[in-house]
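Enquirer: Chains as they are written, first to last, in full-length UniProt numbering: chain R, 1 to 204; chain V, 1 to 775.
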Amino acid sequence: MSHQSTVFVIDDDEDVRESLRWLFQSVSMPVEVFASAAEFLAHPDRDGPGCLVLDVRMPEMDGLELLEVLRTHRIGLPAIMISGHADVPMAVKAMQTGAVDFIQKPVNHQDLLQRVRRALAADERFREEIGDPRIIAERLEQLTAKEREVLESIVNGSTNKAIAGALKLSVRTVETHRANLMRKLGVHSTAGLVRVTLACRLRP
Amino acid sequence: MAKFDQASDAQLARLLAEIERAGNGSDELTRLVHDLQVHQIELEQQNRELLAVRAVLEESRERYADLYDFAPVGYLSIDAAGRIQDINLTGAKLLGQSRNALINRAFSGFLRPEDRARLNGHIAEILYAREPGNCEVRLRARDSADSVDAAEPRTLMLESRLEDGSPPARIRMILSDITERKQAERERRQREIAAAAAESRHRLVSGLERLSAAATTAFDPQTVLNDLLRVVQDLLRVDRAWLLYPCDPDATEVRILAQSAVPRCPGEPLTDRSIPTDEPLRRLIRSALNACDPVQDPDPGAIAILGGGFAPRSRLIIAVRPEDDRPSLLGLHLCRVERTWSEDDLTLARALAGRLADILDILAVRRALTESEERFRATFEQAAVGICHLDRQGFFLRVNRKLCAILGYTAEELLARTCRGLVHPDDHDDLMEYIARIGEDRARDPEREPGTSQSLELRHLGKAGHVIWCNLTMAAVRDSSGGLRYFIGVIEDISARKRLEERESRHRHALFRFGRISTMGEMSSAIAHEVAQPLMGISTYAGGALERLDNAPVDVEALRLALHQISRLAARAGRIIERIRDFSRQHAGAPRPIDMEAVSRAAVGMIEPEIRANDVKVEIRSNDDVPLASGDPVEIEQVLINLLMNGMDAMRDTPPAERRLRIAIKRAGADQVRVAVGDRGVGLDQTDPSRLFDPFYTTKEGGTGLGLSMSRTIVDSYGGRIWAEPRPGGGAVFAFTLPRHLPAEASDRSSAKTPASSTDRRLADPPDAATGDPT
C-alpha cells in the first residue's frame with residue numbers, strides 16, 4: 001500500500017466536482033477529481049486504494065455504464081453513486097450490479113462524508129484481509145467454470161459430499177477442485193475461501 | 001172327280017147291259033154282276049175317301065200356300081244366274097215390288113252396289129259347296145218417294161240352300177230383315193263402346209289423379225318420382241317403368257331418375273348410375289323425341305341396356321317434356337308376355353307422360369324452393385354471425401346456432417326470452433331506442449329501405465353473466481301493406497374486437513401517459529437535474545465550510561472562496577428557474593375565441609377509449625348564456641383532458657355505476673366563463689390543498705406532479721384561475737375560469753398576461769365569490 005486512500009470523484013459538472021473536492025479537502029481527505037470516466041481510467045492511481053464518488057447521470061457515460069467499464073478494467077474500488085430526482089429504478093439497478101452505496105441528491109454533506117469514510121475503511125480492510133482486489137479479481141477470473149460452481153457451493157455451506165452429489169462428481173474430484181481453488185485464490189482455509197468470495201461479491 | 005165318276009158309271013152301266021144281253025140270268029153272270037156291283041161299291045167308297053183326302057190336301061195346300069206367302073220371313077228362289085224364280089209375298093214386300101214384277105229379275109239389282117259382289121260370291125259358294133250358307137246384304141235404297149227409309153237401308157240375312165233334284169239348279173233363300181236386330185246390336189255395341197270408353201276414361205282420370213296424388217303425398221322429389229313411377233307401372237299394368245334423364249341425344253351420359261318394377265322383374269334396376277349414351281340409345285332417344293305419341297316396341301338393344309340386360313317382350317317409350325327442363329324418357333316394359341298396346345294403353349301412356357311433365361315442372365319448382373330454403377337455412381344456421389328473428393316485443397322467434405354460441409344459451413332457452421333481457425342494463429335504453437327507430441323507419445319514410453347500415457354496439461350478458469360486446473344490426477321485415485311482421489337481427493360478437501380496442505386504448509393510454517411522462521417527466525427530470533446541480537454545489541461548499549469551521553484554525557480565504565462559489569451557484573440556479581418560466585410562457589398561444597362546450601366535447605372525444613375502459617359516464621352541461629371564452633383551444637383542451645384524467649384516476653375505487661364525470665360550463669360574473677370538472681372519486685382529503693398545483697406534487701402512484709401545475713400555467717397565461725374544492729356528496733371539483741372573449745382585446749395579449757401575484761397566490765384556494773361557487 002504505497003498510497004494513502006484517495007477519494008476519486010467523477011462528475012461532469014465542474015461546479016459539483018469542485019465543490020466535492022472542497023468538501024473532502026475540508027476534512028483532509030486526499031481527493032482526485034475527474035470530468036469523465038475516461039479521464040479517471042487514464043490516472044495511474046486508478047486501482048486505489050480508495051473509493052469512487054460518481055454521479056449517476058452524466059452526458060457521455062452514465063454512472064452504471066461507468067461501473068461496467070471499471071469492472072472490465074478490474075477496478076475493484078468501492079463506489080458511492082450520487083443520484084438525482086426520480087432515478088430510483090436506476091439506483092436499484094446500480095445496487096444490483098454491485099455498487100457499494102447510493103446517495104440521493106440533494107446530498108447532506110455529513111451523510112456523504114460518513115459513507116465515504118465507510119467505503120474507504122472497507123477497502124482498507126479488504127486489502128488487509130484478502131489482498132489487492134485487482135489481483136483477487138484476476139485470480140477469480142482464472143477459475144474454470146467447474147471450479148466456479150464448486151466455489152459457489154462451498155460459499156453456500158455445502159459439504160464435499162453434497163457438492164459431489166449436486167454436481168454429479170466424485171467426492172475426490174470435489175476435493176481436488178477445492179484444493180485448486182485455495183491454491184489459485186492464495187488462501188489456506190475454507191474460511192479464507194469464503195471470505196475472499198464474499199468480499200469480492202460486494203465489490204463492483 | 002165327278003166327271004171321272006160319271007164316265008166310269010156309264011162304262012159300268014154299258015158293261016152291265018152287255019152282260020145281261022149275253023147271258024141273261026146265268027149264274028155266272030149273276031155272280032159276275034154281283035162282284036162287279038161289289039167293286040162298284042168299293043170304288044165308290046174309295047172315291048169318297050179320295051175326295052175327302054183331296055179336300056184335306058186342298059186345305060193343307062192352301063194353308064201352306066198361305067204360310068209361304070204370308071210367312072214373316074221372305075222366301076226366294078233364284079236360279080244360278082241370280083234371277084228370281086219365285087218369291088213369297090213377304091219377300092216381295094221386302095224388295096218393295098209386286099211378286100209378278102220380280103220374277104226373272106236379278107236379285108242383286110235390289111242390293112247396294114257394294115254388296116252385290118258379296119251376293120255373287122255367296123251364290124257361287126252355295127252352288128259349289130252345295131251346303132247351306134248365310135250371307136248378310138243390304139238393300140239398295142228404294143227409289144220411291146218414301147225417302148225416310150233411304151237413309152236407313154234394310155239389312156237382310158240370307159239363309160240359302162240348294163233346292164233338291166231339279167236341274168237347272170235353284171237356290172232357295174230365306175230372307176229375314178235383320179235391320180232392327182242389327183241396329184239393336186249396333187246400339188248395344190255402341191253402349192258397350194261407350195261403357196268401355198267410360199271405363200277407359202275413368203282409368204285415365206283416376207290414373208292421372210293417382211299420379212297427382214303421388215306427386216303431393218311426399219315432399220322429397222326422389223320419393224315423389226319413385227311413387228309416380230309406381231303409379232305409372234301399376235296403371236299401365238307393366239312389369240317395369242323407368243324415367244331416364246335427359247332425353248337428349250347430345251347428352252354424353254344419361255341417368256335413370258327413378259324406376260318401379262313388379263317383384264321378381266328380370267333385370268337389375270339402373271338407378272343412381274350414369275349410363276354413357278351409345279348409338280342405339282341415341283337412336284332410341286331420337287325416336288321418342290321425334291314422335292308425338294308413344295313409340296311402341298322400339299329397338300330392343302338400347303332397351304336391354306336400360307332394362308338391366310334383359311330385353312323385354314313388349315316395350316313402350318314416350319318422351320316426357322317439361323316446360324322448364326330438357327325432356328325425360330318414360331319407358332315401360334313387359335318382360336314375360338307380349339302385349340299389343342291398345343289405343344287405351346297408348347292414350348293413358350300419353351296422358352300420364354303429359355301429367356308427368358307437369359309434375360316434373362312442379363318438382364323442379366319445388367326443388368328450387370327447397371334449395372332456396374336450404375340455402376336460407378344454411379345461411380341462417382351456418383352463418384358466422386348470430387342471426388335472430390324478433391317479434392315487436394323483442395321476443396326471439398328464431399335463433400341460429402352461432403347466436404346460441406355467442407350468448408351461451410340453448411335455442412330453447414333463447415326462444416323463451418326477449419333480447420332485452422339479455423342485454424346489459426346500461427344498454428337497455430339504447431336498445432329500445434334502436435328497435436323503435438328501426439320499427440318506425442319505414443313508417444316515417446316509406447321510400448327508405450330499413451336501415452341495415454345502422455347498427456348498435458351493446459353489451460349482451462352471457463348465460464354465465466359475463467359481458468359480451470356485440471354489434472347489433474336490425475332490419476324490419478314488413479308485409480306488403482308495410483305492417484311490421486318481425487325484425488331480423490344480426491348479432492356479431494365483437495368482444496375480440498373490443499378487447500383489441502381496449503388493448504389499443506390501453507396502449508394509447510399508456511402512450512398518452514408515456515407522452516405526458518416522457519415530455520413532462522423528462523422535463524421535470526431535466527429541471528430537477530439542472531436545479532439540483534447548483535444546489536448540490538451550494539450544499540457541498542457549505543458543508544465543507546462548516547467542516548472547516550469545526551477545525552481551527554479557520555482559513556478565512558478558503559471560506560471566502562467557498563462563499564463566493566455558493567453565491568455564484570445560487571445565481572446559476574436562479575437563471576435556470578428563470579429559463580424554465582420562459583419556456584412555459586412560450587407555450588401560451590395567442591388567445592382565440594373558444595366555445596367551451598365544443599372544446600369539452602373534443603376533450604371527451606380525445607379520451608373516449610380511456611373513458612370506456614374505466615367504465616365512466618361523462619356528461620357535459622352547458623348553460624345557454626355562456627359566452628365565448630378567450631384562450632388557445634388546444635391548450636384548454638389539454639387542461640380539460642388533464643382534469644378529466646385526474647377525475648377518472650380518482651374514481652378507480654368508485655363502484656362503476658357511480659363513476660361519473662360532469663363538466664359544467666357556466667357564465668361567471670360578467671366577463672368570465674367557468675368550467676368545472678366534478679368527479680366522485682377519493683376527494684381531496686389525502687391532499688395538501690396548498691400544494692395541489694405545485695410542480696412535482698402528486699398523490700398518484702406514477703404521477704409526475706406536473707399535470708395540475710402545467711394546467712395552472714396555461715390557465716394563468718390567459719388570465720384565468722384554477723382551483724379545487726370538495727364536491728358535495730363526495731369527490732372533487734376542479735374548476736377554472738377563463739376571461740370572456742372580447743373581440744377588441746383579441747390582439748391585446750398583455751391584458752391577459754399572468755399577473756405576478758397569481759404565482760404567489762395559493763391557487764388551491766377557491767377564488768372570490770364572483771364565480772358563485774360553493775366553498
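For glycine and all other residues, C-beta sits at the position ideal for the given N, C-alpha and C.
Could you list which residues in chain V have their beta carbon closer than 9 Å to that of residue 116 of chain R, in chain order?
Expert: Ordered by position in chain V, no residue passes the 9 Å Cβ test against residue 116 of chain R, which lies about 12 Å from the chain.
Enquirer: Which ranges would you report for the alpha helix (DSSP H) in the region 203-237 of chain V if only whole runs of at least 4 residues count?
Expert: The qualifying runs are 221-235.
Enquirer: Please classify residue 196 of chain R: is it buried, with 16 or more other beta-carbons within 10 angstroms of its beta-carbon, or exposed?
Expert: Buried is the call here.
Enquirer: Give every residue of the same chain whose Cβ lies closer than 6 Å to the Cβ of residue 667 of chain V, excluding the five residues on either side of it in the sequence, and list them in chain order.
Expert: Within the same chain, residue 667 of chain V has close Cβ partners 625 and 626.
Enquirer: Can you give me the C-alpha to C-alpha distance between residue 777 of chain V and residue 591 of chain V, rounded to a whole angstrom?
Expert: Nothing can be reported for residue 777 of chain V: it is not among the residues displayed for chain V, which extend from 1 to 775.
Enquirer: Counting pairs of Cβ atoms below 8 Å between the region 560-577 of chain V and the region 11-19 of chain R, do you hit three or more?
Expert: Cβ pair count under 8 Å is three or more, so yes.
Enquirer: Where does residue 43 of chain R sit, in a helix, a strand or coil, going by DSSP?
Expert: Coil.
Enquirer: Got a sec, what are the start and stop residues for the alpha helix (DSSP H) residue 734 of chain V sits in?
Expert: Where residue 734 of chain V is concerned, there is no enclosing alpha helix (DSSP H), although the beta strand (DSSP E) it sits in stretches over 732-739.
Enquirer: By DSSP, does residue 116 of chain V sit in helix, in strand, or in coil?
Expert: Helix, per DSSP.
Enquirer: Listed in chain order, which residues of the UniProt domain "PAS" (372-442) of chain V have Cβ atoms closer than 7 Å to some Cβ of chain R?
Expert: Those residues of the UniProt domain "PAS" (372-442) of chain V that come within reach of chain R (Cβ to Cβ, closer than 7 Å) do not exist; the list is empty.
Enquirer: How far does the alpha helix (DSSP H) with residue 409 of chain V in it reach, from first residue to last?
Expert: Here residue 409 of chain V belongs to no alpha helix (DSSP H), and DSSP marks it neither H nor E.
Enquirer: Consider the Cβ of residue 710 of chain V: report whether some Cβ of chain R lies at a distance smaller than 9 Å.
Expert: Chain R, which has no Cβ nearer than 9 Å to the Cβ of residue 710 of chain V, makes this no.
Enquirer: Between residue 221 of chain V and residue 368 of chain V, what straight-line distance do the alpha-carbon atoms span, to the nearest angstrom?
Expert: Computed Cα separation, rounded: 11 Å.
Enquirer: Distance, Cα to Cα, residue 33 of chain V vs residue 9 of chain V?
Expert: About 14 Å.
Enquirer: Rounded to whole angstroms, what is the Cα-Cα separation between residue 748 of chain V and residue 710 of chain V?
Expert: In this predicted model, residue 748 of chain V has a pLDDT of only 44, less than 50, meaning its place in the structure is not dependable enough to derive any value.
Enquirer: The alpha helix (DSSP H) with residue 94 of chain V in it runs from where to where?
Expert: Here the alpha helix (DSSP H) through residue 94 of chain V covers 89-95.
Enquirer: Are the CB atoms of residue 80 of chain R and residue 101 of chain R within a distance shorter than 9 Å?
Expert: Yes, the pair counts as a contact, with Cβ atoms nearer than the cut-off.
Enquirer: Note down, in chain order, each residue of its chain lying with its Cβ closer than 6 Å to the Cβ of residue 76 of chain V, except the 5 sequence neighbours on either side.
Expert: Cβ neighbours of residue 76 of chain V beyond the five flanking positions: 87, 91, 173 and 175.
Enquirer: Does any residue of chain R bring its CB to less than 9 Å from the CB of residue 738 of chain V?
Expert: False, the Cβ-Cβ gap to chain R never drops below 9 Å.
Enquirer: Using alpha carbons as the reference points, say which of V:276, V:436 and V:471 lies closest to residue 385 of chain V.
Expert: Out of V:276, V:436 and V:471, V:471 has the C-alpha closest to the C-alpha of residue 385 of chain V.
Enquirer: So residue 275 of chain V and residue 253 of chain V are in contact, right, with Cβ under 8 Å, and what is the actual spacing, rounded?
Expert: Contact flag correct, Cβ pair sits at about 6 Å.
Enquirer: Distance check for residue 730 of chain V and residue 642 of chain V, CA to CA, integer angstroms please.
Expert: Spanning the two alpha carbons is a distance of roughly 20 Å.
Enquirer: Keeping to the same chain, check which residues put their C-beta closer than 8 Å to that of residue 21 of chain V; ignore five residues upstream and five downstream.
Expert: So no residue of the chain qualifies.
Enquirer: For residue 419 of chain V, list the residues DSSP reports as bridge partners.
Expert: In the DSSP output, where bridge partners are listed per residue, residue 419 of chain V has none listed.
Enquirer: Determine the DSSP secondary structure at residue 325 of chain V, reduced to helix, strand or coil.
Expert: Residue state, collapsed to three classes: coil.
Enquirer: Do residue 56 of chain R and residue 83 of chain R count as a contact pair if the criterion is CB distance below 9 Å?
Expert: For residue 83 of chain R and residue 56 of chain R, yes; Cβs fall inside 9 Å.
Enquirer: Do the region 402-413 of chain V and the region 496-503 of chain V make contact, defined as three or more Cβ pairs closer than 8 Å?
Expert: At 8 Å Cβ cutoff, the stretches do not touch.
Enquirer: Keeping to the same chain, check which residues put their C-beta closer than 7 Å to that of residue 73 of chain V; ignore five residues upstream and five downstream.
Expert: Cβ within range, chain order: 90, 174, 175 and 176.
Enquirer: Against residue 548 of chain V, what residues of chain R qualify as contacts under a CB-to-CB distance less than 8 Å, listed in chain order?
Expert: In chain order: 26.
Enquirer: For the candidate residues V:617, V:649, V:662 and V:598, whose alpha-carbon lies nearest to that of residue 637 of chain V?
Expert: The shortest C-alpha separation from residue 637 of chain V is found at V:598.
Enquirer: Is DSSP giving residue 9 of chain V helix, strand or coil here?
Expert: Residue 9 of chain V: helix per DSSP, three-state reduction.
Enquirer: Assign residue 168 of chain V to buried or exposed, taking buried as 16 or more other Cβ atoms, counted over all protein chains shown, within 10 Å of its Cβ.
Expert: Counting Cβ neighbours within 10 Å, residue 168 of chain V comes out exposed, since fewer than 16 surround it.
Enquirer: In angstroms, rounded to a whole number, what distance separates the CA positions of residue 5 of chain R and residue 77 of chain R?
Expert: About 11 Å.
Enquirer: List, from N- to C-terminal side, the alpha helix (DSSP H) runs of 4 residues or more that fit wholly inside the region 602-639 of chain V.
Expert: Within the region 602-639 of chain V, the complete alpha helix (DSSP H) runs of at least 4 residues are 608-613.
Enquirer: Taking the continuous beta strand (DSSP E) assigned at residue 672 of chain V, which residues delimit it?
Expert: Per DSSP, residue 672 of chain V belongs to the beta strand (DSSP E) from 672-678.
Enquirer: Starting from the N-terminal side, write out each stretch of the alpha helix (DSSP H) that is 4 residues or longer and does not extend beyond the region 124-153 of chain R.
Expert: As far as the region 124-153 of chain R is concerned, its whole alpha helix (DSSP H) runs of at least 4 residues are 133-141.
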